[in-house]
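Participant: Chains as they are written, first to last, in the numbering used here: chain A, 3 to 253; chain B, 137 to 404; chain C, 334 to 585.
Beta carbons are placed, not taken as given, at the ideal position from N, Cα and C, and that holds for glycine.
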Amino acid sequence: MMRKLLAALAILVVWEGVVRLGLVNPIILASPSGIGSALVTDGVPFLHAFRITVTSIAIALLASLSIGVGIGLIVGATAFSYAAFGPILSSLFAIPLIVWYPMLVVWAGIGPESKILFAIISSLIPVALNTAAGVRQIDVRYEQFGRSVGAATRTIYLRILLPFALPSILAGLRIGTALAVAGVIVGEMLTSTDGIGFWISYHRTVYNTGHVYLGMLLAIACVLIANAVLSHLERHFGAWRLDELANIAPA
Amino acid sequence: MTTAAAIEVRSLSKDYASSAGPVQALKKIDFDVPEGAFVSIVGPSGCGKSTLLQILAGLLSSSSGQVSVGGTAVTGPAPGKISFVFQDATLMPWKTAMDNVLFPLEIQRIPERERIRRAAHYLRLVGLENAAQCFPHQLSGGMKQRVSIARGLAQEPQIILMDEPFGALDEQNRIKMGHELLRIWEATGKTILLITHSLTEAIFLSDTVIVMAPHPGRILEQVDIDLPRPRTYDVIGSPAFGSIRNHLWRMIEIEPAEDEAMSTAPAL
Amino acid sequence: MRFRVHAVQAIFLACFLAVWELATRVGNVDPDVLPAFSTVLRTLADLVRTDAFLSNTAVTTTRVLLAFIIGAPLAILAGFYVGERTALNARLAQPLNVLVAVPQSMLLPMFILIFGVGNVQKVVFGITHIFFVLMLTTIAAVQSVPVNLVVAARSFGATSTEIYRRIYLIAMLPLLVSGLRLAIIFDVIGILLAEMYASQSGIGFLMMRWGEDYRMKELMAAVLLISVATIAFNEIMRMWETRLSAHARTST
């Protein structure tokens, strides 16, 4: 632990020195002190922007999760629906997501709505595809079991099939989360009035490198937070799977 | 044993459409299962025994004919009346043994105290009262199947249908579970209809063995097993057992290798 | 079942196009906001005859190809190098995964600070998009080659080149092609993004400008063209992958 801290400190010192000594053009690389001063002068608007970005990401992910799981459950319900609609979803996923954005701005304006929609579209398909795949691989006997004990279809899906599909859903959510975070921030960079992406973009145009790097760090923080939440979810919901794999039961 | 039939099947047929043309999975199946009886169905792959069981359970519809359980026609699943035990236990891995047994009772809206009473009772009956809080991945194959049987019993059905319940177990455990099942059957008096690949298992467990053949799926013969009860493993080596088994085997021509292992195994 | 599957897919597509077409004709949708399918098709037909559109398409395609030609071999070589050396691979695994976890699109402003707004920046941006995904796929491909096959071949006296060619390559090809497919898609995303953000040329630039001018017909025409092109590309690559997988399974 101590070693890691010392190593980090050493990197910071070298980093600072490299920039101050002019070894690297200060426009290209901000020094730690440059980032620090950006935080001091414009900390408040940046944090406000951070909140907007994180809120947009959260809304987008919640929507994408619900819609994606819903679509995935329907597509994965039978072998036929999977064979028919699975390829359609995969093909849609091949389209470079960025091409949707200019249209969304025309339709939804330059506020956070267009970013949220863009993030939803970006993350929807991996969630849906993985949910469908997860449901497909469930032994058909579980559905028969549900029916044999008198469970309604909704109960079978929500209480028997969905838990089985959870590990797959979470895997899809991982991909979807990265795409949603990128979607919101990139959208803010392109056309926006606020949010981390907007501020990064603005400060780049006036060569406030310190501010740009501060923004980048906050953007990366968004990614790390999202991943941490996901890991927590995975541990909570996938726990029985991990246990299952870890223990080979006696014959 | 009363003479009232728990299961009545009359002229049951089931046809499928397949890429190779129409397939007659079952043709004019006729049989009765008396209440409290233990009946096995044997036959080679493709003879329709699984299909038959699923139709009896109300999980599959028939093409023609009548099926009734306890006097009423089967039109769909009959929870609380018919329990189905699947080949691979089909337990939910994220629930404990106790919660697995409780699940169908919850669905069937049995009040909570009664649910817990039944679950505890039947887990004890199958010998797993100490494993109630274990998860399926902590249990052996035989234990998982016992949980599945407890789950079936807890619904206090009139009949229990079992589709190759011991298929996933190795031979030692199959023998043990066979004994267990007989003990449970004698303690509860339920009507049991069981599908198995093993002639030996079928003869050992049952009052009657129904022999089926494929193309189309049909009943060849119903053989009453006149061996005395309670049955222990020694009976498998007896000449009476052997002649019944040969009789059945000749009817079906199952690979001798598969069954020979069981019949020449030393008595426990 | 195959026939029914394709029939359902065709019906689904037809319904989608029908709704799109009728939204403005029969529905209350403003044709300036959502032009009908037929309008978009007509616009596309006109566009592909205009010099401006064609030259911008050429510019974008050139950037994409350039990034690929430079980045793909680098990525494959790097992947091969790391994949072969298990110790190195183990040590790099964690930092690589962290790097990949950060969506590269977000780093565009940094690239502009470093490289400016010219073609170099765009191509380099595309290269980074290609690099990591293809390198990781190559590493996985190298590790997927069944070790016992290599050992068996050596015991028969096969030379190194023979082993590489007949065993490694065939076993790796399906995964490699899959990596190439992803790499090109990421490449296109990167280039388009860079063009949308800060550029005076390219399809991305055109699309942004059309968006700002509310010229939905042209914008949707471009989206339609790109969508169809990438889906077609994707399907072709997928078919190739499947064929290579089957070949790998039978010949090794």
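Going residue by residue through the segment 368 to 437 of chain C, where are the continuous beta strand (DSSP E) segments of at least 3 residues, counting only ones entirely within it?
Facilitator: none
Participant: Any heavy atom of the ligand FMN closer than 7 Å to the beta-carbon of residue 242 of chain B?
Facilitator: No copy of the ligand FMN occurs in the structure displayed, which carries no ligand at all.
Participant: Check whether the segment 498 to 507 of chain C and the segment 354 to 362 of chain C are in contact - that is, three or more C-beta pairs closer than 8 Å.
Facilitator: They do not touch, by the three-pair rule.
Participant: Taking only the alpha-carbon atoms, compute the straight-line gap between residue 228 of chain B and residue 239 of chain B and give it to the nearest angstrom.
Facilitator: The sequence position of residue 228 of chain B within the second sequence is 92, counting from 1. The sequence position of residue 239 of chain B within the second sequence is 103, counting from 1. Taking the straight line from one Cα to the other gives about 10 Å.
Participant: Between which two residues does the alpha helix (DSSP H) harbouring residue 279 of chain A extend?
Facilitator: Any answer about residue 279 of chain A is impossible in this case: the structure gives chain A only from 3 up to 253.
Participant: Kindly give me the distance between the Cβ atoms of residue 272 of chain B and residue 218 of chain B, rounded to whole angstroms, as I take these residues to be in contact under 8 Å.
Facilitator: Residue mapping note: residue 272 of chain B aligns to position 136 of the second sequence, counting from 1. Residue mapping note: residue 218 of chain B aligns to position 82 of the second sequence, counting from 1. Rounded, the Cβ-Cβ distance is 24 Å, inconsistent with contact.
Participant: Residue 267 of chain B and residue 275 of chain B look like a contact to me (Cβ under 8 Å); what is the Cβ gap, rounded to whole Å?
Facilitator: Along the second sequence, read from residue 1 onward, the residue named residue 267 of chain B stands at position 131. Along the second sequence, read from residue 1 onward, the residue named residue 275 of chain B stands at position 139. With a contact defined as Cβ atoms closer than 8 Å, residue 267 of chain B and residue 275 of chain B qualify at about 6 Å.
Participant: Taking buried to mean at least 16 other C-beta atoms within 10 Å of its own C-beta, is residue 549 of chain C buried or exposed?
Facilitator: As a working note, residue 549 of chain C is residue 216 in the third sequence. Sixteen is the threshold: when 16 or more other Cβ atoms of the shown chains lie within 10 Å of the Cβ of residue 549 of chain C, as they do, the residue is buried.
Participant: Is it true that the CB of residue 212 of chain B sits closer than 8 Å to the CB of residue 201 of chain B?
Facilitator: Indexing the second sequence from 1 puts residue 201 of chain B at position 65. Indexing the second sequence from 1 puts residue 212 of chain B at position 76. Taking 8 Å as the Cβ cut-off, residue 201 of chain B and residue 212 of chain B do not qualify as a contacting pair.
Participant: CA-CA distance, residue 93 of chain A and residue 158 of chain B?
Facilitator: Here residue 93 of chain A refers to the residue found at position 91 when the first sequence is read from its first residue. Here residue 158 of chain B refers to the residue found at position 22 when the second sequence is read from its first residue. Spanning the two alpha carbons is a distance of roughly 35 Å.
Participant: Spatial neighbours of residue 195 of chain A within its chain, please: CB distance less than 8 Å, with the 5 preceding and 5 following residues excluded, ordered by chain position.
Facilitator: Taking the first sequence and counting its residues from 1, one reaches residue 195 of chain A at position 193. For residue 195 of chain A, where only same-chain residues beyond five positions count, the Cβ hits under 8 Å are 112, 113.
Participant: For a cutoff of 8 Å on Cβ pairs, would you count residue 136 of chain A as touching chain B?
Facilitator: Locating residue 136 of chain A in the first sequence gives position 134, where the first residue counts as 1. Output row for residue 136 of chain A: interface = no.
Participant: If you run the structure through DSSP and keep just helix, strand and coil, what is residue 169 of chain A?
Facilitator: Reading the first sequence from its first residue, position 167 is the one you call residue 169 of chain A. Three-state DSSP puts residue 169 of chain A in a helix.
Participant: Can you tell me whether residue 348 of chain B is helix, strand or coil according to DSSP?
Facilitator: Along the second sequence, one-based indexing puts residue 348 of chain B at 212. Note: residue 348 of chain B maps to strand in three-state DSSP.
Participant: Ignoring anything shorter than 3 residues or poking outside the segment 140 to 189 of chain A, list the beta strand (DSSP E) runs there in chain order.
Facilitator: none
Participant: Of the residues C:458, C:342, C:559, which one's Cα is nearest the Cα of residue 526 of chain C?
Facilitator: Position 193 of the third sequence, counting from 1, holds the residue named residue 526 of chain C. Nearest of C:458, C:342, C:559 to residue 526 of chain C, Cα basis: C:458.
Participant: Using only CA atoms, which one of A:133, A:55, A:34 lies nearest to residue 22 of chain A?
Facilitator: Counted from its first residue, the first sequence places residue 22 of chain A at position 20. If we check each option's Cα against that of residue 22 of chain A, A:34 comes out closest.
Participant: Give me the Cβ distance between residue 342 of chain B and residue 176 of chain B, rounded to the nearest whole Å; I'm assuming they're in contact under 8 Å.
Facilitator: Here residue 342 of chain B corresponds to residue number 206 of the second sequence, with the count starting at 1. Here residue 176 of chain B corresponds to residue number 40 of the second sequence, with the count starting at 1. Sure, about 4 Å apart at Cβ, within 8 Å.
Participant: Excluding five sequence neighbours on each side, which residues of the same chain lie with their C-beta closer than 8 Å to the C-beta of residue 397 of chain B?
Facilitator: Counting from one through the second sequence, the residue named residue 397 of chain B turns up at place 261. Any answer about residue 397 of chain B is weak, because its pLDDT of 44 lies below 50 and its placement is not dependable; what the coordinates show is given next. Sequence-distant partners of residue 397 of chain B (beyond 5 residues in either direction) whose C-beta falls short of 8 Å from its own C-beta, in its chain, are 307.
Participant: In chain B, what lies closer than 8 Å to residue 95 of chain A by C-beta?
Facilitator: Stepping through the first sequence from its first residue, residue 95 of chain A is reached at position 93. The contacting residues do not exist; residue 95 of chain A stays about 30 Å from chain B at best.
Participant: Rounded to whole angstroms, what is the Cα-Cα separation between residue 314 of chain B and residue 374 of chain B?
Facilitator: One-based indexing of the second sequence puts residue 314 of chain B at position 178. One-based indexing of the second sequence puts residue 374 of chain B at position 238. Those two C-alpha atoms are separated by around 18 Å.
Participant: Look at the alpha carbon of residue 386 of chain C and the alpha carbon of residue 543 of chain C, and state the distance between them as a whole number of angstroms.
Facilitator: As a position in the third sequence, residue 386 of chain C is number 53, starting the count at 1. As a position in the third sequence, residue 543 of chain C is number 210, starting the count at 1. Taking the straight line from one Cα to the other gives about 12 Å.
Participant: In the segment 188 to 215 of chain A, which residues sit with their C-beta less than 7 Å from some C-beta in chain C, listed in chain order?
Facilitator: 188, 191, 192, 202, 203, 206, 211, 214
Participant: Any beta-carbon of chain A closer than 8 Å to the one on residue 447 of chain C?
Facilitator: Taking the third sequence and counting its residues from 1, the one referred to as residue 447 of chain C is at position 114. Output row for residue 447 of chain C: interface = yes.
Participant: Near residue 190 of chain B, which residues of its chain fall below 6 Å by C-beta distance, leaving aside the five closest residues on each side in sequence?
Facilitator: The sequence position of residue 190 of chain B within the second sequence is 54, counting from 1. 196, listed in sequence order.
Participant: Kindly indicate which residue of B:256, B:277, B:278, B:289 has the alpha-carbon position closest to the one of residue 269 of chain B.
Facilitator: Counting from one through the second sequence, the residue named residue 269 of chain B turns up at place 133. The candidate whose alpha carbon is nearest that of residue 269 of chain B is B:256.
Participant: Determine, using beta-carbon pairs with one atom in the segment 392 to 404 of chain C and one in the segment 461 to 469 of chain C, whether at least three such pairs fall under 8 Å.
Facilitator: yes
Participant: When DSSP labels each residue in this structure, what does residue 197 of chain B get in the three-state scheme?
Facilitator: For this step, residue 197 of chain B is matched to residue 61 along the second sequence. Residue 197 of chain B: coil per DSSP, three-state reduction.
Participant: Mind pulling the chain B residues with CB within less than 9 Å of residue 157 of chain A?
Facilitator: The residue labelled residue 157 of chain A in the question sits at position 155 within the first sequence. Neighbours of residue 157 of chain A on chain B, chain order: 243.
Participant: Expressed to the nearest angstrom, what Euclidean distance is found between the alpha-carbon atoms of residue 137 of chain A and residue 31 of chain A?
Facilitator: For the purposes of this step, residue 137 of chain A is taken as the residue at position 135 of the first sequence. For the purposes of this step, residue 31 of chain A is taken as the residue at position 29 of the first sequence. Those two C-alpha atoms are separated by around 48 Å.
Participant: What residues from chain C crowd round residue 17 of chain A, counting only those whose CB sits closer than 8 Å?
Facilitator: The residue given as residue 17 of chain A occupies position 15 in the first sequence. Simply none; closest approach about 15 Å.
Participant: Can you look up residue 19 of chain A in the DSSP assignment and give me helix, strand or coil?
Facilitator: Position 17 of the first sequence, counted from the start, is the residue given in the question as residue 19 of chain A. Look at residue 19 of chain A here: in three-state DSSP terms it is helix.
Participant: Hey, is residue 144 of chain A's beta-carbon within less than 8 Å of any beta-carbon in chain B?
Facilitator: The residue given as residue 144 of chain A occupies position 142 in the first sequence. Cβ-Cβ to chain B under 8 Å: yes for residue 144 of chain A.
Participant: Three Cβ pairs or more, each shorter than 8 Å: is that satisfied between the segment 529 to 543 of chain C and the segment 72 to 88 of chain A?
Facilitator: no
Participant: In whole angstroms, what separates the C-alpha of residue 579 of chain C from that of residue 573 of chain C?
Facilitator: As a first step, residue 579 of chain C is located in the third sequence; it is residue number 246 there, counting from the start. As a first step, residue 573 of chain C is located in the third sequence; it is residue number 240 there, counting from the start. So the alpha carbons of these two residues sit roughly 10 Å apart.
Participant: Going along chain A in order, which residues have a C-beta closer than 8 Å to the C-beta of residue 354 of chain C?
Facilitator: Taking the third sequence and counting its residues from 1, one reaches residue 354 of chain C at position 21. None at all; the shortest Cβ gap to chain A is about 17 Å.
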